[in-house]
Amino acid sequence: MLKLWKLYQNCLAVHPVKTQIISSGFLWGTGDIAAQAVTHHYSLKKRHLNHDSTEAFKINWKRVGTTGLFGLAFVGPVGHFWYQGLDRFIKQGLKLPPKSARAVAAKVFVDGVIFGPLDLFVFFTYMGFSTGKSVEQVKEDVKRDFLPALVLEGGVWPILQVANFRFVPVQYQLLYVNTFCLIDSAFLSWIDQQEDAAWKKWFKSLVTFEKKEQQ
48 MLKLWKLYQN CLAVHPVKTQ IISSGFLWGT GDIAAQAVTH HYSLKKRHLN HDSTEAFKIN
108 WKRVGTTGLF GLAFVGPVGH FWYQGLDRFI KQGLKLPPKS ARAVAAKVFV DGVIFGPLDL
168 FVFFTYMGFS TGKSVEQVKE DVKRDFLPAL VLEGGVWPIL QVANFRFVPV QYQLLYVNTF
228 CLIDSAFLSW IDQQEDAAWK KWFKSLVTFE KKEQQ
């Protein structure tokens, strides 16, 4: 494990962007496998089947590749430049000491307001188009999935990011995020696979109710 960590450090020092891209793609693809396993288990449980059933778990490698490509093409490169740029903005733009409480709070706020929602929007849009859906279908998917994911993730990521911005050196901040993205990618893939689940309809009904109240 120590050798693997040293190899990662060396690769990060020599090829920072490539290293972030490859690690992001691997973790997001792995997370999708976990999401598929959870969904399969949930499906068996819902139909009251046990693990000895002839319906064995089969990995959808096309979906793994699709999700891994999202980590490879978006999370890796965008995340790398985002955390580097955010750190420079806080230090040079706002003139705040990088590890101060105000700097950490500012980073968490900016990250949660800009990068978090952008990441979710791109993910659900990309996953929709990658399965051959039309523009209208993708719009409906985003309406259905975006708010539940944003609300549920909004209760977890700010806490994780406080520790990230306070204790982790900037060159390792994306690695820290990518580690938790192994779980996050599984969570987002699971949400995407839930389609029109009842709990999603409940979130959507809240938005519809608020719009009616405003009219």
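Residue numbers (our numbering): 48 to 262.
Note that CB positions come from ideal geometry on N, CA and C, so glycine has one too.
Check	Outcome
Residue 267 versus residue 185: straight-line alpha-carbon distance, rounded	A query on residue 267 cannot be resolved here, the shown segment of the chain reaching from 48 to 262 and no further.
Nonlocal neighbours in the same chain, by C-beta distance under 8 angstroms from residue 189, ignoring five residues either side	168, 171, 172 and 175
Cβ shell of residue 197 (< 8 angstroms), same chain only, five flanking positions each side left out	163, 164 and 167
Length of the line joining the Cα atoms of residue 52 and residue 182	43 angstroms
Rounded straight-line distance, which links the Cα of residue 70 to that of residue 79	14 angstroms
Member of 105, 221 and 116 whose CA lies at the smallest distance from the CA of residue 177	116
Three-pair Cβ contact test at 8 angstroms for the segment 138 to 153 versus the segment 199 to 216	yes
Exposure label - residue 206; buried when at least 16 CB within 10 Å	exposed
Burial state of residue 62 (16 or more Cβ within 10 Å)	exposed
Residue from 75, 57 and 58 whose Cα sits closest to the Cα of residue 229	75
Status (buried if at least 16 other CB within 10 Å, exposed otherwise) for residue 89	exposed
Cβ-Cβ distance between residue 204 and residue 159 below 8 angstroms	yes
8 angstroms Cβ cutoff met for residue 126 and residue 221	yes
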